[in-house]
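Peer 1:
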Amino acid sequence: MTWAGVVFGGRVGTWMGRKVEIAGGLILIGIGVRILIEHL
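For the sequence shown, the numbering used here begins at 11 and goes up steadily by one.
#1: Starting from M26, follow the alpha helix (DSSP H) in both directions and report where the run begins and ends.
#2: For a test of the three-state rule: what should DSSP assign to L46, helix, strand or coil?
#3: Which residues in the same chain as L50 place their Cβ atom closer than 8 Å to its Cβ, once the five residues preceding and following it in sequence are excluded?
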């Protein structure tokens, strides 16, 4: 199952490229901001 995820992720990564990286980064930033606001 892990192998399938690695293969699938590699293919999707080359197909989608930079857009997916940016979207993932924005999601992580959003999660971080949400946690920060909750703890203030």
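We treat Cβ as the ideally placed atom computed from N, Cα and C, and that holds for glycine.
Peer 2: With the structure as the only source:
#1: 12-26
#2: helix
#3: none
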